[in-house]
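Asks:
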Amino acid sequence: MTVTIVPCKEQHVKELQKVGIDTFKETFQDQNKAEHIDAYVKTAFHLNQLLKELHHPSSQFYFVQVNGEVAGYLKVNMDDAQSEEMGSEALEIERIYIKQSFQKQGLGRYLINRAFEIAKKYDKRDVWLGVWEHNREAIAFYQKLGFVQTGVHAFLMADEEQMDFIMTKTLS
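The sequence shown lines up with residues 38 to 209 when you count with this note's numbering.
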């Protein structure tokens, strides 16, 4: 298995959109109302929204590929691109999505390690992310990597407010 990470650019926006929608639905559709999922993906993964995010100077997107096939992606934010005010010494992992068919192959850890590398490159002390309070498997994964819960924030799934745990890891 050959794993590579490729920066995602404007010319990849349609593939980014498809991977985002597919992985979001795979992960959350069984625990949420279909109309809430549909409303969320229409906004969050609209081409104009993704292009805006791709062009933000403090955000970066990366595809993870397995044997040349896109298996998922990572989105990190720094400074004013962060979804919460966490300060200039923090890097946010806003999205870490792996297609269901590629899960349990170590790709999540691979992308987390890339986020750590980016944080170190930009002299960020903390790496943080939000994870849905009911996503026990993801929470356990992040805890195993040294993340600890440092807060909570609201996540809107259409008109339904859900709670995300904010989990942070301080880099050495």
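All C-beta atoms in this analysis are idealised placements derived from N, C-alpha and C, irrespective of residue type, glycine included.
Check whether the segment 147 to 163 and the segment 78 to 91 are in contact - that is, three or more C-beta pairs closer than 8 Å.
Replies: Segments in contact, no.
Asks: Kindly identify the DSSP beta-bridge partner or partners of lysine 206.
Replies: Position 169 of the sequence shown, counting from 1, holds the residue named residue 206. Bridge partners of lysine 206: Val164.
Asks: Quick one: Cα of methionine 38 to Cα of valine 56, how far?
Replies: Position 1 of the sequence shown holds residue 38. Position 19 of the sequence shown holds residue 56. Their backbone Cα atoms lie some 20 Å apart in a straight line.
Asks: Starting from phenylalanine 100 and walking both ways along the beta strand (DSSP E), at which residues does that stretch end?
Replies: By one-based count along the sequence shown, residue 100 stands at place 63. First-last of the beta strand (DSSP E) with phenylalanine 100: 96 to 103.
Asks: Of all the options Gly109, Gly124 and Tyr110, which has the alpha carbon lying nearest to the alpha carbon of aspartate 116?
Replies: Sequence index remark: in the sequence shown, residue 116 carries index 79 (1-based). Looking at the Cα atoms, Gly124 is the closest of the given residues.
Asks: The alpha helix (DSSP H) that contains threonine 41, what's its start and end?
Replies: Mapped onto the sequence shown, residue 41 falls at position 4. Looking at the DSSP string, threonine 41 is not in any alpha helix (DSSP H); the run it does join, the beta strand (DSSP E), is 40 to 44.
Asks: In terms of residues, what are the limits of the alpha helix (DSSP H) holding histidine 73?
Replies: Counting from one through the sequence shown, the residue named residue 73 turns up at place 36. 71 to 81 is the span of the alpha helix (DSSP H), which, as asked, contains histidine 73.
Asks: If you count every other CB in all the chains shown that lies within 10 Å of the CB of asparagine 114, and 16 or more means buried, which is it?
Replies: Numbered from 1 along the sequence shown, position 77 holds the residue referred to as residue 114. The residue is buried, with at least 16 neighbouring Cβ atoms inside 10 Å.
Asks: Quick check on phenylalanine 184: does DSSP put it in helix, strand or coil?
Replies: Within the sequence shown, the letter at position 147 stands for residue 184. Coil at phenylalanine 184, not helix or strand.
Asks: What span of residues does the beta strand (DSSP E) with tyrosine 159 cover, start to end?
Replies: Taking the first residue of the sequence shown as 1, we reach residue 159 at position 122. Where tyrosine 159 is concerned, there is no enclosing beta strand (DSSP E), given that its DSSP letter is neither H nor E.
Asks: Check each candidate in Asn172, Ile135 and Lys158 and name the one with the smallest Cα separation from isoleucine 106.
Replies: Stepping through the sequence shown from its first residue, residue 106 is reached at position 69. The amino acid at residue 106 is misidentified as isoleucine; the sequence shows glutamate. Nearest option by C-alpha distance: Ile135.
Asks: Quick one: complete beta strand (DSSP E) runs, 3+ long, within the segment 113 to 141?
Replies: Counting only runs of 3 or more, we get 127 to 135.
Asks: On a Cα-Cα basis, can you pick out the residue from Val50, Arg132 and Cys45 that is closest to threonine 64?
Replies: Counting from 1 along the sequence shown, the entry for residue 64 is found at position 27. For the residues Val50, Arg132 and Cys45, the minimum Cα distance to threonine 64 belongs to Arg132.
Asks: Hey, how far is the Cα of histidine 49 from the Cα of leucine 88?
Replies: Your numbering for residue 49 matches position 12 in the sequence shown. Your numbering for residue 88 matches position 51 in the sequence shown. Straight-line Cα distance between these residues: approximately 10 Å.
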